[in-house]
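Undergrad:
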């Protein structure tokens, strides 16, 4: 085994053999002198080998980068091809759907040419890149033929077939446009009332037959789409089964990977042992360095030479083994890198497959499939109900004619009632005007409240008001009779409403008018009662107001004067009493002083003198105090005078305030009169507004009842067409996703065959990926359930919106009127824009009126006014539009 191991590196690296062959020769010739030289040569050779290995690694890295760039370019080119194929298939399918819409009865046959599961049109044809566009245009996978002439004839035949198909499609489109224009014209005639009742019934029957044919065609189209949906579901189930098989194979490969990883661990351990041996050999080389430095003694030269030879042999063997192991390691690393790349690619592809199945687009497609299946069932039921209802249309038209006759008679009766109601409204307006005049007079009378003669005037006004109230009561009795007549008319209208359930909007408006008039009469009664009560209250207030104001003011003035006089007297008495008390006190003190002086004069004369001085001082102080008291009395008198003046000023201020109150009362009366006038004007405007609103409601109801059914049927047809187009687009997306899945599965099978002999990453990463995918699938399932709930809520909201839109049909009427205008403009000549189109130029199929074309024929250069193509007399033909 060791000899074989030594032979393999000699074959792989021959430069090592040359070095090894040289070294023993040199060792034999000069064993002691060239030892250091041999080690230097070996190091130099090792450095060269390392440099060569680095160069090869750099070259490999450059090649890998180039391969990656080429793969990126290839992927971008593949993406472009896929996008172009998708656009091409979308264009082809749109043309097929347009042909279905144009060709009516050929929808089932043309739908068979849509994208199939086994042979999709989105796939790339098996032909060279330069011929790909031609192959797709011809709808062939390859161009057959040996010689160039055969290929040209084959291509011309295919192009002729394609041109014939497009011409047929254009003719069908033209026929459908003409049919639509005829239908729009007939509907416009029926709506404008240009036709008689019999012609209108015939036109409606024709329109019903055309709608029945279209409904049958769409039913066939929906059935074929349903069959295609089933095929797609079967294909998706097959892809799911194949995916489960791939999962089982991946698990088996994971087991094999574990075994290979174990083998790699064993090889790694062997490498570690070899590295240990290499380190030991390097440690043995240390005594050689000591010999070079001269540390060994010359006595052991023979032992030293033998040891050196053994060391050289061991070093050479170790180098050979190291080289072998390095080559094996590099090969193993390269294999590992290739296997890891392959395994990563496989994981990415598996992730892509899972992403396709768990992606938002895929889940949306599944949810939309279920939604469209329910919608198809609902549309089938609605179509069946429409077919069942078409039988009753004729009966309903006969009943309508009878009801119209009875409605005419009812209109005559209601016209008479309208005249009576107008008379009553005029009388009510006159009464309102008289009431307003009376209110104005009452407010003007309130302004003269300060005079005594107002009482007699108010009595006269009250008597006049009582007389006018009697007149109003007589008029109210008349209005009651008119109200009874209105009630009888309303009962008649109710009986007619039961007979004419569909044409009762006008009767309802009249009944509402009568009810409003009765309410207005009741409101007038309440107003008259309120006026009587207000008149009584005003008389009582006026009587009380004249007496109370004068008595209250006079009593208040007297009370204020008496209070002021009493206060002045109290102040005077207080001053007199205070002055007397002071004088008595002074006399008593003087007498006491005299007695003391007489008694003291006998004893001591000198003390008397001193006391006389003190008494004189006291007298001076008392005189000064008396002067102060006199000044205070004068101040009190001046204050009393100022109080009297202030009282007079207060009286003047009270008079001014009374005048201001009177002015404010007059201003308030004026404001009340102005507010009453504004209320009267507002009431008249509101009555006019209500009358106009009622007239508008009558007109709108009469228009809505005649046009709602036509708009409803047209909206249903448009919705069915849009649903079919959406279903086709969803089928395209599903076909594209299936193609991606098939391509990725084919690539996965190829790479699985290669991965059977490869090794890459561990099982733990795969388990984590599985856990992540399971968690993502759980989240997707929860999101799907939430989405289903939201879709159910959306359906309920859409139903409510449809109900609301059916109730408000003014927008639909405006849309119909716009479409009718557009159709009329399409029918008119584009040159003169006055006359209808009568003539067709066969070369370009443009329509014009006859006079404009005759003028053009008289010219030398006869060209089409629209596109400029030359034509002759034979190219002009008459057409009925």
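In UniProt numbering, the protein residues as written are 1 to 881.
For every residue, glycine included, the Cβ atom is placed at its ideal position computed from N, Cα and C.
Here the structure is a predicted model, which is why all the values come from computation and not from measurement.
1. When DSSP builds the beta bridges, which residues end up paired with residue 877?
2. Let me check understanding here. Comparing Cα to Cα, which of 185, 220, 275 lies closest to residue 825?
3. What are the boundary residues of the alpha helix (DSSP H) that residue 192 is part of?
4. Do you know whose CA, among 93, 49, 75, 178, lies nearest residue 726's CA?
5. Report back the beta-carbon spacing between residue 831 and residue 852 to the nearest angstrom; my notes put them in contact at under 8 Å.
6. Taking Cβ to Cβ, would you say residue 871 is nearer than 8 Å to residue 837?
7. Is it buried or exposed, residue 833, if we count other Cβ atoms within 10 angstroms and call 16 or more buried?
8. In chain order, what residues of the same chain lie with their CB nearer than 6 Å to the CB of residue 69, ignoring the 5 residues before and after it?
9. Using DSSP with H/G/I as helix, E/B as strand and the rest coil, what is residue 871?
10. Are the stretch 318–330 and the stretch 263–277 touching by the rule of at least three beta carbon pairs closer than 8 Å?
11. By a C-beta neighbour count over all protein chains shown, 10 Å radius and 16 as the cutoff for buried, is residue 739 buried or exposed?
12. Quick check on this structure: which residue in 524, 441, 333, 344 has the alpha carbon closest to the alpha carbon of residue 427?
13. Should residue 878 be labelled buried (16 or more other beta-carbon atoms within 10 Å of its own) or exposed?
14. Measuring CA to CA, which of 849, 56, 258, 157 is closest to residue 866?
15. Taking the alpha helix (DSSP H) that residue 847 falls in, what are its first and last residues?
16. Rounding to the nearest angstrom, what Cα-Cα distance links residue 863 and residue 208 in this structure?
17. Report yes if the CB atom of residue 732 is closer than 8 Å to the CB atom of residue 89, and no otherwise.
18. Would the stretch 431–438 and the stretch 674–688 be scored as touching if the rule is three or more Cβ pairs under 8 Å?
19. Taking buried to mean at least 16 other C-beta atoms within 10 Å of its own C-beta, is residue 228 buried or exposed?
20. How about residue 190 and residue 210: do their beta carbons lie closer than 8 Å?
21. Which same chain residues, not among the five before or five after residue 797, have their C-beta less than 6 Å away from its C-beta?
22. Could you check how far apart the C-beta atoms of residue 440 and residue 673 are, in whole angstroms? I think they sit under 8 Å.
23. Identify the residues that DSSP records as bridge partners of residue 828: which are they?
24. Under 8 Å, do residue 736 and residue 86 count as touching if we go by C-beta distance?
25. I'd like to know whether the C-beta atoms of residue 339 and residue 271 end up nearer to each other than 8 Å.
26. Can the beta-carbon of residue 829 be found less than 8 Å from the beta-carbon of residue 181?
27. Less than 8 Å between the beta carbons of residue 856 and residue 694, yes or no?
28. Identify every residue that forms a DSSP beta bridge with residue 679.
29. Given a threshold of 16 other Cβ atoms within 10 Å of its Cβ, counted over all protein chains shown, does residue 312 qualify as buried or as exposed?
30. By a C-beta neighbour count over all protein chains shown, 10 Å radius and 16 as the cutoff for buried, is residue 868 buried or exposed?
TA: This is what the structure holds:
1. 840
2. Looking at the Cα atoms, 185 is the closest of the given residues.
3. 148–192
4. 93
5. 4 Å
6. no
7. exposed
8. none
9. coil
10. yes
11. buried
12. 524
13. exposed
14. 849
15. Where residue 847 is concerned, there is no enclosing alpha helix (DSSP H), although the beta strand (DSSP E) it sits in stretches over 846–848.
16. 42 Å
17. yes
18. yes
19. buried
20. In this structure, residue 190 lies away from residue 210, with their beta-carbon atoms at least 8 Å apart.
21. none
22. 6 Å
23. 836
24. Contact: yes.
25. no
26. For the 8 Å CB-CB criterion, residue 829 and residue 181 do not form a contact.
27. no
28. Answer by DSSP bridge pairing: none, since residue 679 is not bridged.
29. For residue 312, the number of other beta carbons within 10 angstroms of its own is at least 16, and it is reported as buried.
30. exposed
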